[in-house]
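Data block below; observations after.
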Amino acid sequence: MIVLLSLLQIATVYAGSVNTILISTSIDSPESLKSSQCCAPVFLAPIFTSGNNVYVSWSSNKTGESFEIMFRASADDGKTFGAKINLSNTPRVDSINPSIAASGNNVYESWWERANKTSNEPVLRISSDNGKTFGPIMHLQSTELSGNSS
64 MIVLLSLLQI ATVYAGSVNT ILISTSIDSP ESLKSSQCCA PVFLAPIFTS
114 GNNVYVSWSS NKTGESFEIM FRASADDGKT FGAKINLSNT PRVDSINPSI
164 AASGNNVYES WWERANKTSN EPVLRISSDN GKTFGPIMHL QSTELSGNSS
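When the letters of the sequence shown are read in order and numbered with the working numbering, they come out as residues 64 to 213.
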């Protein structure tokens with residue numbers, strides 16, 4: 064079965080102190096995502112399909128401290144998704160602009176880390192098991208690896 068995923072829209076809705084993520088698929092413009100609550104700006108969530116696998120990621124600042132890169136994978140054409148994985152897990156560093164690619168069992172997730180207002184660094188994590196686990200963070204401007212595999 065071929066799954067056509069045209070546009071995945073994610074908006075963070077603020078209802079008091081509770082953050083909720085709304086997800087919808089649409090071929091319309093981002094204005095088609097409606098809510099009776101006041102919404103933060105709409106973020107597009109990168110999505111990639113490979114066979115029956117669907118991968119999606121997004122930036123989240125649920126803690127209010129910094130943005131983190133979140134990831135979920137589906138092995139059944141997007142009918143269900145596995146647990147959410149925090150790929151960046153870098154407190155006090157904004158992790159933004161995620162991007163996904165996949166080939167065979169490999170999933171490649173890259174994003175930018177911003178530790179201060181003048182410095183951005185591209186980073187990468189690779190999964191060799193369809194997004195179930197990921198190797199360490201690779202800092203692409205250097206040869207440094209950091210963090211644990213998850």
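Note that CB positions come from ideal geometry on N, CA and C, so glycine has one too.
Fill in: Paired residues, beta bridge with L187 - DSSP
Counted from its first residue, the sequence shown places residue 187 at position 124. Partner(s): S173, M201.
Discussion item. Can you tell me where the beta strand (DSSP E) holding F134 begins and where it ends?
Written reply: Position 71 of the sequence shown, counted from the first residue, corresponds to residue 134. Where F134 is concerned, the enclosing beta strand (DSSP E) stretches over 131-137.
Discussion item. Could you tell me the alpha carbon to alpha carbon distance between F197 and N149, rounded to whole angstroms?
Written reply: Here residue 197 is taken as the residue at index 134 of the sequence shown, counted from 1. Here residue 149 is taken as the residue at index 86 of the sequence shown, counted from 1. Taking the straight line joining both Cα atoms gives about 10 Å.
Worksheet item: Whose C-beta lies closer than 7 Å to the C-beta of R155 among residues of the same chain, with five residues either side of it excluded?
Response: Position 92 of the sequence shown holds residue 155. Counting only Cβ-Cβ distances below 7 Å, and skipping sequence neighbours, we find E128, S129.
Worksheet item: Which term fits I33, buried or exposed, when burial requires 16 or more other beta carbons within 10 angstroms of its beta carbon?
Response: In the structure displayed, the chain extends from 64 to 213; residue 33 sits before or after that span and is not available.
Worksheet item: Rounded to whole angstroms, how far is the Cβ of S222 from the Cβ of S158, which I believe are closer than 8 Å?
Response: There is simply no residue 222 to check, as the chain begins at 64 and stops at 213 in what is shown.
Fill in: Assumed close pair I63, N169 - CB separation to whole angstroms, cut-off 8 Å
Shown here, the chain extends from 64 to 213; a query on residue 63 therefore has no answer.
Worksheet entry | Reduced DSSP category for S151 - H, G, I as helix; E, B as strand; rest coil | Here residue 151 is taken as the residue at index 88 of the sequence shown, counted from 1. Three-state DSSP puts S151 in coil, outside helix and strand.
Item to complete: With DSSP collapsed to three states, give me the class of F111.
Response: As a position in the sequence shown, residue 111 is number 48, starting the count at 1. Strand.
Worksheet item: From the DSSP output, which residues share a beta bridge with V119?
Response: Against the sequence shown, residue 119 aligns to sequence position 56. Looking at the DSSP assignment, V119 forms a beta bridge with I110, R135.
Practice prompt. Kindly indicate which three-state DSSP category A164 falls into: helix, strand or coil?
Written response: Start at 1 with the first residue of the sequence shown, and residue 164 comes out as number 101. It is a strand residue.
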